[in-house]
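Reviewing the structure listed below.
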């Protein structure tokens, strides 16, 4: 019909219907508009590393039947994304429960320590400490704080000349912890 120097155009071609029919330009443009469109670079050449779906008119396009990504550079499908979010949520929830348990345990230990300190403080009054030269005294005290409790036992002595005072005390609390203190003082 033509040659390289004498080209021909076929006009008024009907739209092809069957697999062996020719197609016209209108059919090609319609097919091109509805398909995947490669983006173009600033110089107008085709950018084969980027594509825009849906004609690039700001509308969204859903891609269906996407298989699960396998390699690092594969896209993930919605099921993989949901699974990843669920696993992250479960991990975070588990860590929060563990942290809450640790904080509760720490609060109980602190409360027990405060109860022990209160019980030992009760041993410092003049009624629970020896004050006569050469005398000794044993004393007991108790304390409670924030649902925890403690008991303390103390022993005090005054030197024969009345200048030195010695005191030993210890406590245990409802958290099963023990504490002890030793002190000495000189008076003049």
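In our numbering, the protein residues as written are 3 to 190. Virtual Cβ for every residue (Gly too), placed ideally from N, Cα, C.
Using alpha carbons as the reference points, say which of 184, 118 and 71 lies closest to residue 147.
The option with the nearest alpha carbon to residue 147 is 118.
When you compare only the Cα positions, how much space is there between residue 122 and residue 158?
Those two C-alpha atoms are separated by around 13 Å.
Alpha carbon to alpha carbon, how far is residue 153 from residue 98?
For residue 153 and residue 98, the distance between alpha carbons rounds to 34 Å.
Which value, in whole angstroms, describes the spacing of the CA atoms of residue 91 and residue 115?
Answer to the nearest angstrom: the Cα atoms are 36 Å apart.
Output yes or no for whether 8 Å exceeds the beta carbon distance between residue 134 and residue 160.
In this structure, residue 160 lies closer than 8 Å to residue 134 by Cβ.
When the Cα of residue 186 is compared with those of 174, 170 and 176, which residue comes out closest?
Nearest option by C-alpha distance: 170.
Grab the span of the beta strand (DSSP E) containing residue 125 for me, first residue to last.
Taken as a continuous stretch (DSSP letters only), residue 125 belongs to no beta strand (DSSP E), as it is neither H nor E.
Looking only at C-alpha atoms, which of 190, 156 and 163 sits nearest to residue 184?
The residue with the shortest Cα to Cα distance from residue 184 is 156.
On the three-state DSSP scale, how would you describe residue 47?
Coil at residue 47, not helix or strand.
So residue 124 and residue 145 are supposed to be a Cβ contact under 8 Å. How far apart are they, rounded?
Right, the Cβ-Cβ distance comes to about 7 Å (below 8 Å), so this counts as a contact.
Extract the residue ranges of the beta strand (DSSP E) inside the segment 158-183, only unbroken runs of 3 or more that lie entirely within it.
You should have 166-175.
Are residue 26 and residue 17 close, meaning C-beta to C-beta below 8 Å?
In this structure, residue 17 lies closer than 8 Å to residue 26 by Cβ.
So, helix, strand or coil for residue 154, using DSSP?
In the structure shown, residue 154 sits in a strand (DSSP, three-state: E or B).
At the level of alpha carbons, what is the spacing between residue 62 and residue 6?
Whole-angstrom Cα-Cα distance: 44 Å.
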